[in-house]
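Quick note: the sequence shown, position 163, residue 179 per the numbering used here, numbers continuous. Even for Gly, the Cβ is constructed at its ideal location relative to N, Cα and C. Structure record follows, encoded as structure tokens.
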Amino acid sequence: SYVGLPSPMDFNGMVRHYYLRLGANVGDIRIVLADKSHREQPSHNIALRIRPDIDRIEKRYGANIKIVEMPPGPPVLSTLVAEIYGPPEASYQDIIHVANRVRGDIEKTAGVVDVDDFVEAEQGKLHYLIDHDKAALLGISSAQAAHTLQLAIEGGKIGLLHIAEERQPLAIQLSVPRAARSSEADLLALSVQTSTGQLVRLSEVGQFAHEHAGQAIYHKNLQRVAYVTGEMAGRSPVEAILDLSGVFDGRPLPDGYKAEMAGEGEWKITVDVFRDLGLAFAAAMVMIYVLLVGQTGSLGVPLIMMIAIPLTVIGIMPGFWFINLFTEPVGGYATPIYFTATAMIGMIALAGIVVRNSIILIDFIENIYRNNPDISLADAIVEAGATRLNPIFLTAASAVLGSMMIVLDPIFSGLAWSFIFGIIASTLFSLVVIPVVYFLIKE
Numbered sequence: 017s018y019v020g021l022p023s024p025m026d027f028n029g030m031v032r033h034y035y036l037r038l039g040a041n042v043g044d045i046r047i048v049l050a051d052k053s054h055r056e057q058p059s060h061n062i063a064l065r066i067r068p069d070i071d072r073i074e075k076r077y078g079a080n081i082k083i084v085e086m087p088p089g090p091p092v093l094s095t096l097v098a099e100i101y102g103p104p105e106a107s108y109q110d111i112i113h114v115a116n117r118v119r120g121d122i123e124k125t126a127g128v129v130d131v132d133d134f135v136e137a138e139q140g141k142l143h144y145l146i147d148h149d150k151a152a153l154l155g156i157s158s159a160q161a162a163h164t165l166q167l168a169i170e171g172g173k174i175g176l177l178h179i180a181e182e183r184q185p186l187a188i189q190l191s192v193p194r195a196a197r198s199s200e201a202d203l204l205a206l207s208v209q210t211s212t213g214q215l216v217r218l219s220e221v222g223q224f225a226h227e228h229a230g231q232a233i234y235h236k237n238l239q240r241v242a243y244v245t246g247e248m249a250g251r252s253p254v255e256a257i258l259d260l261s262g263v264f265d266g267r268p269l270p271d272g273y274k275a276e277m278a279g280e281g282e283w284k285i286t287v288d289v290f291r292d293l294g295l296a297f298a299a300a301m302v303m304i305y306v307l308l309v310g311q312t313g314s315l316g317v318p319l320i321m322m323i324a325i326p327l328t329v330i331g332i333m334p335g336f337w338f339i340n341l342f343t344e345p346v347g348g349y350a351t352p353i354y355f356t357a358t359a360m361i362g363m364i365a366l367a368g369i370v371v372r373n374s375i376i377l378i379d380f381i382e383n384i385y386r387n388n389p390d391i392s393l394a395d396a397i398v399e400a401g402a403t404r405l406n407p408i409f410l411t412a413a414s415a416v417l418g419s420m421m422i423v424l425d426p427i428f429s430g431l432a433w434s435f436i437f438g439i440i441a442s443t444l445f446s447l448v449v450i451p452v453v454y455f456l457i458k459e
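Printed below as a string of structure tokens:
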């Protein structure tokens with residue numbers, strides 16, 4: 017537990033700026049789970065299970081509590097981040113007003129939890145105004161008064177204590193009990209020693225003035241911005257973004273204001289990663305086609321062989337939908353398995369794996385048809401399919417069983433399910449679709 021102290025410098029602290037939090041109104045409670053072999057649920061399910069109880073505590077005491085899981089996860093400020101910008105002539109209070117509306121829309125979005133913003137609450141400030149003439153007559157300087165107030169409020173190190181049993185000297189920290197510094201009257205009752213050794217209360221040489229503390233103004237790319245953040249429970253950030261896009265389209269923000277969702281949140285990472293992986297997938301398809309053209313000496317046959325690649329997509333997408341039919345909610349929240357970036361990587365890797373079956377199958381068909389003049393193309397296709405049936409099934413089974421080992425991994429589970437569903441679908445369809453297409457083109 018870290019209450020009133022800076023959070024430890026870890027991954028979350030660096031990315032989410034937790035290490036900058038300091039004060040008696042903030043704190044961290046860290047829960048270290050037992051080894052996964054000694055508990056029934058993974059860490060994510062445990063976080064979902066305790067969330068309803070934490071929410072009740074939050075509402076009861078009017079606190080702002082967030083349940084933050086340690087990575088895996090992208091290095092983002094929060095899962096869902098809305099950046100609200102305004103026109104140049106707008107005041108920061110106007111931007112905050114629009115941000116409050118955006119926060120209300122986000123709070124109403126299904127699956128979004130732990131909604132917060134970076135707007136600081138209005139706070140009062142006591143400014144001690146010293147009467148310089150009176151203080152000078154009594155022999156008190158402004159620095160003495162300021163030092164006395166600083167010691168009372170913040171405490172301070174006044175020396176070192178050397179103990180023989182300790183390797184390092186111990187700091188002597190002086191602080192006033194909270195009960196003795198909790199009001200304006202308590203602080204004014206503190207005494208300052210004059211140059212003649214007399215003690216004079218601060219109330220005799222000055223008074224407090226009540227002021228408003230300034231609010232922090234956040235900037236990004238030289239533009240003033242207000243942040244609204246949220247986490248997801250039971251839904252994908254993509255679904256929340258689509259819902260919010262519909263809300264903003266139906267009820268637009270005032271002219272000149274915009275809510276940017278692809279900034280510091282997970283949506284930005286998702287868009288960038290899937291864009292880059294999509295380009296990589298396209299490049300892989302082109303390279304596979306070039307290699308097949310060089311191997312077969314034909315421009316059309318490689319296209320037939322590559323039919324197995326889109327067949328993997330037919331298996332992967334419905335496969336994720338099918339497996340989510342059997343996931344059970346935890347703490348009232350769904351626990352779906354998402355098509356993640358690692359799943360996309362698995363789909364790209366499958367492109368090269370499944371084409372191999374097509375190459376071997378068509379190669380068998382051409383060898384049989386070429387070496388047996390009396391056999392028809394249809395019979396050659398049937399014989400080649402029967403010959404390659406067992407090897408293709410055994411290869412697919414070994415790949416599926418190997419992928420089963422990592423389905424529970426929080427990072428690579430998407431890759432494993434892509435392999436499993438893609439290989440199963442491609443194997444079943446390629447034994448039928450590829451020979452039929454080859455027959456229709458060659459006959």
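Helix, strand or coil at residue i according to DSSP, with G and I counted as helix
i      : result
Asp379 : helix
Phe134 : coil
Tyr454 : helix
Thr210 : coil
Gln109 : helix
Lys236 : strand
Lys124 : coil
Asp44  : strand
Met86  : coil
Tyr34  : helix
Tyr101 : strand
Gln189 : strand
Ala229 : coil
Glu276 : strand
Distance, residue j Cα to residue i Cα
i      : j      : result
Trp433 : Ile391 : 41 angstroms
Gln214 : Ile146 : 18 angstroms
Leu269 : His33  : 29 angstroms
Ile450 : Leu308 : 15 angstroms
Glu441 : Thr411 : Reading off the sequence, residue 441 comes out as Ala, not Glu. Approximately 14 angstroms, taken between the alpha carbons.
Ile381 : Ile330 : 25 angstroms
Trp283 : Val263 : 17 angstroms
Ile384 : Arg291 : 43 angstroms
Tyr354 : Arg240 : 35 angstroms
Leu53  : Glu74  : Checking the sequence shown, residue 53 turns out to be Ser, not Leu. Answer to the nearest angstrom: the Cα atoms are 32 angstroms apart.
Val287 : Glu255 : 13 angstroms
Arg197 : Arg251 : 48 angstroms
Ala350 : Ala168 : 51 angstroms
Ile361 : Phe437 : 14 angstroms
Leu258 : Ile378 : 44 angstroms
Gln139 : Leu431 : 50 angstroms
Lys82  : Asn237 : 28 angstroms
His178 : Leu186 : 6 angstroms
Exposure label - residue i; buried when at least 16 CB within 10 Å
i      : result
Gln160 : buried
Leu176 : exposed
Trp337 : exposed
Pro253 : buried
Phe342 : exposed
Met303 : exposed
Pro103 : exposed
Asn406 : exposed
Ile457 : exposed
Ile45  : exposed
Gly230 : exposed
Val452 : exposed
Tyr454 : buried
Asn388 : exposed
Val448 : exposed
Residue nearest to residue i in terms of C-alpha spacing, selected from the options
i      : options                        : result
Glu170 : Ala162, Gly316, Ser442         : Ala162
Ala298 : Pro326, Glu85, Glu282          : Pro326
Ser429 : Lys274, Leu293, Ala357, Tyr454 : Ala357
Ser211 : Ser414, Leu153, Tyr234, Val92  : Leu153
Asp202 : Leu165, Ala137, Gln189         : Leu165
His143 : Arg197, Phe445, His226, Pro103 : His226
Asn80  : Asp69, Asn61, Asp130, Gln109   : Asp130
Ile47  : Ala324, His60, Ala359, Leu444  : His60
Arg117 : Glu99, Ala196, Ala126          : Glu99
Ser207 : Gly222, Ser198, Thr245         : Gly222
Ala324 : Ile174, Leu444, Val423         : Leu444
Glu105 : Asp271, Val448, Tyr454, Ser158 : Asp271
Tyr463 : Ile83, Met30, Met277, Gly316   : Nothing can be reported for residue 463: it is not among the residues displayed for the chain, which extend from 17 to 459.
Glu85  : Leu315, Leu64, Asp69, Gln311   : Leu64
Ala232 : Lys150, Ile111, Gly43, Pro68   : Ile111
Arg404 : Met421, Ala365, Ser374         : Ser374
Integer Cβ distance of residue i from residue j, believed to fall under 8 angstroms
i      : j      : result
Val97  : Tyr273 : With a Cβ gap of about 17 angstroms, Val97 and Tyr273 do not count as contacting.
Ala242 : Phe134 : 7 angstroms
Lys173 : Gln189 : 6 angstroms
Ala300 : Ala367 : 5 angstroms
Asp121 : Leu260 : 6 angstroms
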